Amino acid sequence: MNDAPATPVGRPLSPGELVTVMSHFHRAEIARMAGWRDRLDRTSNWAITVVAAMLSVSLSTASAHHGVLLFAMLLVLLLLWIEARRYRFFDVYRARVRQFERHYFAQIFSPQPDFASDWLLVVGESLRTPKFLVSQRVALARRLRRNYLHMMLILLLAWVLKLSTPSLIDQGVPVGFVGTMREAVGAAALGPIPGAAIVAVVALLYAGLLAAAFLTPGDDGELSFGDVHV
Numbered sequence: 047m048n049d050a051p052a053t054p055v056g057r058p059l060s061p062g063e064l065v066t067v068m069s070h071f072h073r074a075e076i077a078r079m080a081g082w083r084d085r086l087d088r089t090s091n092w093a094i095t096v097v098a099a100m101l102s103v104s105l106s107t108a109s110a111h112h113g114v115l116l117f118a119m120l121l122v123l124l125l126l127w128i129e130a131r132r133y134r135f136f137d138v139y140r141a142r143v144r145q146f147e148r149h150y151f152a153q154i155f156s157p158q159p160d161f162a163s164d165w166l167l168v169v170g171e172s173l174r175t176p177k178f179l180v181s182q183r184v185a186l187a188r189r190l191r192r193n194y195l196h197m198m199l200i201l202l203l204a205w206v207l208k209l210s211t212p213s214l215i216d217q218g219v220p221v222g223f224v225g226t227m228r229e230a231v232g233a234a235a236l237g238p239i240p241g242a243a244i245v246a247v248v249a250l251l252y253a254g255l256l257a258a259a260f261l262t263p264g265d266d267g268e269l270s271f272g273d274v275h276v
């Protein structure tokens, strides 16, 4: 069987066909964006559940080791990495939707006579060769600022409370705080690893998170066209 020669498909010939294509494509991109947004929310919900469960286990009884909170930090970091990857996909579809909203619908509702843009070429190139618009580092920074930095700070405060309150470490100890910083650092020991090393690693981890959240270069894309962001 002979195949018919391929012919390039151009734009719709009539304005009505063009409007139909625009509306259906915009609706499809909205659905894809909403699907990836739902995946982002699910990952955040998993992280919140992990934080709540680990706080309950660690602070409810003195027999719970402070390493539970360290393990919770690792789990939240894993979920952060997964969510940052999902965010990069979400950002691709959100950018297409924003192109329509900013350059097509906004011009219909509030025309600007001196407004000019090659946004259709941008959308077409995105469809022809889809590419991520943000790096993994930028995605991590955005999700840290939106959700995960707050969760990590809660875990850090709970860990400090666990180490500085003897009644949360040993049973039968009167309620109160440790007398010296050395005692709290010593309580941070994890097996053969001294407490000072654990404290240093945690301090470096949080310093790195703060730097990643607020010192990431080239992370103003989501705020370039207004104050609404994700």
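Under this note's numbering, the first residue of the sequence shown carries the number 47, and numbering increases by one thereafter. From the three backbone atoms N, C-alpha and C, an ideal C-beta is built for every residue, glycine too. Keep in mind that this is a model prediction, so the values were computed, not measured.
Of Phe155, Arg140, Leu209 and Gly254, the smallest CA-CA separation from alanine 235 is found for Leu209. DSSP places leucine 236 in the strand class (E or B) of the three-state scheme. Between leucine 115 and serine 104, the C-beta gap is smaller than 7 angstroms, which places the two residues in contact. Contact fails between the region 184-191 and the region 162-170, because fewer than three Cβ pairs, one in each stretch, are under 8 angstroms apart.
C-alpha of glycine 81 to C-alpha of glycine 232: approximately 47 angstroms in a straight line.
Cβ-Cβ distances below 7 angstroms link leucine 101 to Ala204 in the same chain, with the five nearest sequence neighbours on each side left out; the list follows chain order.
Taking alanine 118 as reference, the option from Arg85, Ala98 and Ala130 with the minimal CA-CA separation is Ala98.
In the three-state scheme derived from DSSP, where H, G and I count as helix and E and B as strand, valine 180 is classed as coil. Here glutamate 129 is buried, its C-beta having at least 16 other C-beta atoms within 10 Å.
For glutamine 158, there is no enclosing alpha helix (DSSP H), since its DSSP letter is neither H nor E. Only residues of its own chain outside the window of five on either side were considered, and among them Ala258 and Thr262 have a CB closer than 8 angstroms to the CB of arginine 183, listed in chain order.
Nearest neighbour of phenylalanine 178 by Cα position, chosen from Trp92, Val122 and Phe136, turns out to be Phe136. Note that the C-beta distance between alanine 93 and methionine 197 is below 7 angstroms.
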